[in-house]
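Our numbering numbers the first residue of the sequence shown as 52 and each following residue consecutively. Glycine included, each C-beta is placed from N, C-alpha and C at the ideal position. These notes concern the structure reproduced below.
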Amino acid sequence: MFLLTSLIACLILALVMPHLGRKVLERRIVFVDLALAQFAATGYAIGLASDSSGLLWAGAVTLLAVLALAAIPHASKLPKEAVMGSMYAVAAAAGMVILTNLPHAEGHMSELMFGSLLGAGWSDLGILAVLGMLSVATLRFAGSDTYIQRVMFYLALAMAVVPAIHAVGIVLVFGMLLLPALAAWRNEGNGPVLQALLVALCGAVSGIIAAECLDLPPSSSVVLALFICGIPMLIWNLRARPGT
52 MFLLTSLIAC LILALVMPHL GRKVLERRIV FVDLALAQFA ATGYAIGLAS
102 DSSGLLWAGA VTLLAVLALA AIPHASKLPK EAVMGSMYAV AAAAGMVILT
152 NLPHAEGHMS ELMFGSLLGA GWSDLGILAV LGMLSVATLR FAGSDTYIQR
202 VMFYLALAMA VVPAIHAVGI VLVFGMLLLP ALAAWRNEGN GPVLQALLVA
252 LCGAVSGIIA AECLDLPPSS SVVLALFICG IPMLIWNLRA RPGT
């Protein structure tokens with residue numbers, strides 16, 4: 052299969068991202084995914100501009116964002132979505148300014164948005180898998196509203212987001228985090244995690260198959276497949292009676 056490594060990358064994300072996405076929806080901080088993803092992308096842009104390791108720069112820049120976000124308690128009267136949206140806008144603007152001065156700037160911007168899923172190598176898959184497992188494990192230590200546990204929560208997100216940006220781009224990272232979790236949402240809150248995982252896996256497989264058969268961009272194809280697979284599940288959950 053031509054897109055074998057792309058499929059494996061999406062399957063790894065499908066097993067990791069729904070766990071994180073459910074926590075994001077539970078805390079009503081949807082913009083945090085996009086903000087951290089954009090900070091990681093800006094770090095990669097710095098790496099390109101300085102001809103150094105994009106992954107290291109992405110990790111360093113995202114860590115600064117994690118420490119800043121963790122300073123805001125969950126019960127704070129400060130509108131967290133507005134803060135995260137503002138951070139996203141600033142990071143996006145900074146990334147564009149950095150990339151504008153590079154040759155083939157438009158190509159670099161497109162790669163950060165949609166990733167280089169076709170070029171994902173086995174080393175990329177190994178990093179995705181290891182950091183993904185660490186990310187899910189870290190969530191267990193992020194239950195309360197202390198500064199350290201808020202750092203652990205945002206760090207768990209960052210560990211999954213930073214390597215995923217390079218492999219699949221911002222659009223698929225955001226889609227994989229939220230669409231399966233939203234599909235499993237019930238009137239009273241989060242539904243079973245298995246539902247979110249099912250939507251993510253179905254979307255990953257069907258999206259990659261569609262990309263190969265119809266010659267579509269893999270990342271965009273998977274996002275659309277996640278949406279299509281998630282709609283029936285979302286309707287089912289919204290119509291389900293409490294306790295069923």
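Got a sec, what are the start and stop residues for the alpha helix (DSSP H) residue i sits in?
i	result
Arg79	Note, Arg79: premise wrong, no alpha helix (DSSP H); not H, not E.
Ile216	198 to 234
Asn288	269 to 290
Leu182	173 to 189
Ala142	131 to 151
Ser257	244 to 265
Ala116	105 to 120
Determine, using beta carbons only, whether residue i and residue j come nearer to each other than 8 angstroms.
i	j	result
Ser57	Pro269	yes
Gly98	Thr113	no
Leu176	Ile259	no
Ala215	Leu64	yes
Leu230	Leu277	yes
Gln89	Gly172	no
Leu300	His70	Here the chain has residues from 52 to 295 only, and residue 300 is not among them.
Leu54	Trp236	no
Ile80	Lys128	no
Ala91	Val273	no
Leu206	Val148	no
Val219	Arg73	no
Expressed to the nearest angstrom, what Euclidean distance is found between the alpha-carbon atoms of residue i and residue j?
i	j	result
Met227	Pro154	31 angstroms
Tyr139	Asp196	23 angstroms
Ser271	Leu115	29 angstroms
Val256	Val250	10 angstroms
Leu66	Cys280	16 angstroms
Ala188	Asp102	33 angstroms
Gly254	Val222	14 angstroms
Asn288	Leu233	10 angstroms
Leu252	Ala142	31 angstroms
Ala291	Leu285	10 angstroms
Ala100	Val181	28 angstroms
Does the segment 198 to 209 come into contact with the segment 121 to 128, if we say contact requires no fewer than three beta-carbon pairs (one atom in each stretch) closer than 8 angstroms?
Counting C-beta pairs closer than 8 angstroms gives three or more between the segment 198 to 209 and the segment 121 to 128, which meets the contact rule.
* Should the segment 131 to 151 be regarded as contacting the segment 77 to 91, the criterion being three or more beta carbon pairs within less than 8 angstroms? -> yes
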